[in-house]
Amino acid sequence: MEVVGEKFKNLEIFLPDVVLAADAMYAALSVLLPRLTADESGKLRRGKVVIGTIFGDIHDIGKNIVAAMLAANGYEIYDLGCDVDPKRFVEKAEEVKADIIAISCLLSPSIYYMEDVVKRLRDLGIRDRYYVIVGGAAVPPEWAGEIKADGWGKYVEDAVQLCNILVEKGKGLEKPVIVGV
Amino acid sequence: MELTLLDVLEKTQEGPICKVKDWDFKIVPSKTALMLKEHGLDKVYDPNTPIPSDDGLADDFWEAGFRLALELGMFCPETERIVRFSEEELKAGLENRPCELDLGYGKDGVKIVTRRPDDERPITAAMSALGLAVSEEYYIPLCQAIAQYKVVDILLGCTFITIDGHKVRARTPYEVLAGKREAVYVKEAVRRAGRPGMALWGVEGAPTEYGQLGGYGVPGGFEPDRTIAICLIPEPAKLPYSILTRVAHAMNCGGPIEAGHMLNIGAYFGSPEGAAVGAIAVQILEAASMLPSVIESTILDASYSGNCGRAALWATSVADQARSRNTHVMDLGITSQVSGPCTDMLLYETAAISLADAVSGMAVEIGTRPAACRYPNYGSGLENKFCAEVLKGSAGMKRSDANEIVKAILPKYEDKLRNPPRGKSFPECTDLRTLKPIKEWQEIYDRIWRELEDMGLNRPP
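Quick note, the sequences are listed as chains A and B, same order. Quick note, the first sequence lines up with residues 1 to 181 if you use our numbering. Quick note, the second sequence lines up with residues 1001 to 1461 if you use our numbering.
Here it is in structure tokens:
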């Protein structure tokens, strides 16, 4: 999986190849997991991520790359697509008992909807159930702090690293965790 | 015979059904790879020649791009159908595009013309802090700082962070109001710059159709007889109704349309060669489906989200040459930099992509996007002046000469593309009283222009 990430970064393979690798990873896990102990399977299944491009924004390439790389790195992905209402992130996260909500944004006038996701979680009293991470071309690292998100990553591999940090030792870290600056 | 918009809409209702995941990750990549292989173009990228001069290569890419357009079609997300076009429909779409366009009023007006590789006619310079989120207090000064330079032909606005202190939220009445506000502020900026009839482009800060409906063709908004309407489709070759709504609205207003797309090397079309053939195919498809006056084509590199590295320059140049040698369509490029204002790197990046687009036959270049628009207010007038000067100074330059300049520039910044300097914001690098650059920024500009002149680039008077 690390090889896939490195090759993608160096443009030796491309997004469709990463998606194929992720599909292969899923297929392998479906065979492996039932045969493993809880400890062993926990190491392979790193967590559930609900991901999408925020409302008003129909650009999904960055989100698709991150989703594919997370899947290839052992995360279970629930991809909501693009132009996603903030409420949907919360509903889906509750439905699948996600660990992480990952929100992408390319266009500035959509950035405020990221804050709505965090506010909705807080107002429902379930903020501490999820790590919320943000990224995308329109999103400066400072924005993660402003909206009280848990993390920000600059590039695709940063998003994977960020998720790993949060699921492994997120509770004890000061937020937001910024990766890639 | 050329299709009408209603014909295209009918196609979105009747084409073969397809799931978006199949379109994105199977159909587009496999058809692209097959087309490259069939035409022997799958391994022709040469990092040592960022601006090739091979007409045969360009024509081979054109042929492959046309075949890809024919076999691929577009994808309508709302109906989940593939929109296919016949060879005759694609050819009619290209043939019916204009080869010149008058825009703006009186002495401030401009004529955009189609161009060829190595063309002696100067490319049109449409400048902006494109896609940059800007505070209300700096919006007019920043636009004025760009428009004050006479070398700039057309002005585009930027994106409001707030209007009257209220956050502008996409696809809400806030965005409708912001669309009109953009027109009012941009026109005030060109008035203050002493160029009230300047040609415009808008609504630039509209993430959805709401902003365009609010600002284009409405009383006090962007006038259709001097403003190109922006209609950009998402990757890969998608034709959403939200974009076709913009097309319909611009048609209703009688305004010229910019169809456009951005492709990423590393994404759906894959390699630099894949992105080049994909960009050609999508341009052909947009000509048939969106009936535009100009077509924007930008190839980014997904590994750093800009277009000033070798692979993006090569793919951009090859695709530009293929189109400008084989059609009369007015193409436009976008400069997409990753470094910020008041840095050497921003000007090197700007010079490289501006030269690549200009000598490869683009009709218009839209600049600039400092720091990939990641940091609010990180744009200024000077990089736009520089961009326009490089564009004008390259008129008549041979591709081979531009290639040598770009090869000399690239080593100065390419190792920093993934970790570029952030630079300074508009108020930090601009004297807000005069709207001129601060001394530090001016000195960087002067030094790098001297370097470029030593390399053989003409500096416009």
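Heads up, the beta-carbon is just placed ideally off N, CA and C, and yes, glycines get one too.
Return the residue from the list B:M1362, B:A1312, B:D1118, B:D1454 that minimises the CA-CA distance to I1295 of chain B.
B:M1362
Could you pull the start and end residues of the beta strand (DSSP E) that G1367 of chain B belongs to?
1364-1367
Alpha carbon to alpha carbon, what distance is there between R1374 of chain B and Y1210 of chain B?
23 angstroms
Is the beta carbon of L1090 of chain B closer than 8 angstroms to that of L1070 of chain B?
yes
Are the C-beta atoms of K63 of chain A and some chain B residue less than 8 angstroms apart?
Not closer than 8 angstroms to any Cβ of chain B, the Cβ of K63 of chain A fails to qualify, so no.
If you draw a straight line from the alpha carbon of P1256 of chain B to that of P1292 of chain B, how long is it in whole angstroms?
7 angstroms
I'd like the span of the alpha helix (DSSP H) that includes S1086 of chain B, first residue to last.
Per DSSP, S1086 of chain B belongs to no alpha helix (DSSP H) and is neither H nor E.
Length of the line joining the Cα atoms of K148 of chain A and N1377 of chain B:
22 angstroms
Exposure of T37 of chain A, with buried meaning 16 or more beta-carbon neighbours within 10 Å
exposed
Would you kindly check if the distance between the Cβ of L29 of chain A and the Cβ of L44 of chain A is under 8 angstroms?
Contact flag set, yes.
Does K1037 of chain B come within less than 8 angstroms of chain A when only Cβ atoms are used?
no
Buried versus exposed call for R1450 of chain B [16 or more other C-beta atoms within 10 Å across all chains shown]
exposed
Kindly list, in the order they appear in chain B, the residues whose Cβ is closer than 7 angstroms to that of S110 of chain A.
A1170, P1207
Starting from V1176 of chain B, trace the alpha helix (DSSP H) both ways and give me its first and last residue.
1173-1192
Out of curiosity, what's the CA-to-CA distance linking S1394 of chain B and G1333 of chain B?
Cα to Cα, S1394 of chain B sits roughly 15 angstroms from G1333 of chain B.
Below 7 angstroms on C-beta distance, what does K9 of chain A contact in chain B?
S1303
In the segment 1112-1138 of chain B, which residue ranges form an unbroken beta strand (DSSP E) of at least 3 residues, counting only runs that do not cross its ends?
1124-1127
Range of the contiguous alpha helix (DSSP H) that encloses E1389 of chain B:
1382-1393
Determine the closest residue to E1443 of chain B out of B:T1343, B:P1460, B:A1199, with distance taken between C-alpha atoms.
B:T1343
Please confirm whether H1261 of chain B and E1286 of chain B have their CB atoms less than 8 angstroms apart.
yes
Taking a cut of 9 angstroms between CB atoms, which residues from the segment 1168-1201 of chain B lie near chain A?
V1168, R1169, A1170, R1171, T1172, Y1174, E1175, A1178
Would the C-beta of V1277 of chain B count as close to the ligand ADP, meaning under 7 angstroms from any of its heavy atoms?
As presented, the structure is devoid of all ligands, the ligand ADP included, so that no description of it is given.
Using CA atoms only, rank isn't needed, just tell me which of B:T1368, B:M1074, B:L1410, B:L1142 is closest to L1313 of chain B.
Looking from the CA of L1313 of chain B, the closest CA among B:T1368, B:M1074, B:L1410, B:L1142 belongs to B:L1410.
Taking Cβ positions only, does D39 of chain A come closer than 8 angstroms to chain B?
Nearest CB-CB separation between D39 of chain A and chain B: not below the 8 angstroms threshold.
Confirm, please, whether the CB-CB distance from A1408 of chain B to M1455 of chain B is below 8 angstroms.
yes
Under a Cβ-count criterion, where at least 16 other Cβ atoms within 10 Å of its own Cβ denotes burial, should V3 of chain A be classed as buried or exposed?
exposed
Alpha carbon to alpha carbon, how far is I76 of chain A from R1195 of chain B?
It should be pointed out that residue 76 of chain A corresponds to Glu in this sequence rather than to Ile. In a straight line, the C-alpha of E76 of chain A is about 56 angstroms away from that of R1195 of chain B.
I believe A1229 of chain B touches S110 of chain A by the beta-carbon criterion, under 8 angstroms. Please report the beta-carbon distance rounded to the nearest angstrom.
About 21 angstroms separates the two Cβ atoms, so there is no contact after all.
State the Cα-Cα distance for the pair S1425 of chain B and L1391 of chain B, rounded to the nearest angstrom.
24 angstroms
Along chain B, in chain order, which residues have C-beta atoms closer than 7 angstroms to that of I58 of chain A?
P1234, P1240, S1242
With 8 angstroms as the threshold, decide whether the Cβ of N1264 of chain B is near any Cβ in chain A.
yes
Between which two residues does the beta strand (DSSP E) holding N1264 of chain B run?
1257-1265
Should G1202 of chain B be labelled buried (16 or more other beta-carbon atoms within 10 Å of its own) or exposed?
buried
Is K1150 of chain B buried or exposed, if buried means 16 or more other CB atoms sit within 10 Å of its CB?
Result: exposed.
Spell out whether any CB of chain A is found under 8 angstroms from the CB atom of G1270 of chain B.
It does: the Cβ of G1270 of chain B has a partner Cβ on chain A nearer than 8 angstroms.
Under three-state DSSP, which class holds M1397 of chain B?
coil
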